Amino acid sequence: QVQLVESGGGVVQAGGSLRLSCVVSGDASLISGMGWYRQAPGKERELVVFGIDYGGTKYADSVKGRFTISRDTAKNTLELQMNSLKPEDTAVYFCVAHAIQFYWGRGTQVTVSS
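Numbering of the sequence shown is given in our numbering, commencing with residue 1 and proceeding in unit increments.
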């Protein structure tokens, strides 16, 4: 079992920055990949970024060059630095981990005002 808790969401003006954090607990040693998804009102959940251990990292085209994922396995944390935010980035952001199966956090709201 893996538990994920996100934090760092909030309201920011367009062009601003936010840093999301995800704290991992449980069987973190089983994790083979982690990332972030988001879901905007009335839309399906979509990939933001996902990285596989000893493999590549995939960013959605819409966030390339603006968002950066980082992981600290010693501290069991995953972070998402979001720069140059746009109103279309408004969504609930979910931390996700793959450890035999996929585990999801409850999400943190990000609102970007124009």
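Ideal placement from N, C-alpha and C gives every residue a C-beta, glycine not left out. In this text, all values refer to a predicted model and were calculated from it rather than measured experimentally.
Going by C-alpha positions, ILE52 is about 6 Å away from SER32. Taking the Cα positions, HIS98 is about 11 Å away from GLN1. Counting along the chain, no beta strand (DSSP E) covers ILE100, and no H or E run does either. Per DSSP, ARG19 is one residue of the beta strand (DSSP E) stretching across 18-26. Note that the C-beta distance between CYS95 and LEU4 is below 7 Å. Approximately 5 Å separates the beta-carbon atoms of GLN109 and GLY9; this is inside 8 Å, confirming the contact. DSSP lists MET34 and THR57 as the beta-bridge partner residues of GLY51. Within the DSSP bridge table, the entry for ARG45 names no partner. Judged by DSSP in its simplified three-state form, SER29 adopts helix.
With a 10 Å radius around the Cβ and a threshold of 16 neighbouring Cβ atoms, ASP89 comes out buried. Distance from the CA of ASN83 to the CA of TRP104, rounded to the nearest whole angstrom, comes to 24 Å. With a contact defined as Cβ atoms closer than 8 Å, VAL112 and VAL12 qualify at about 6 Å.
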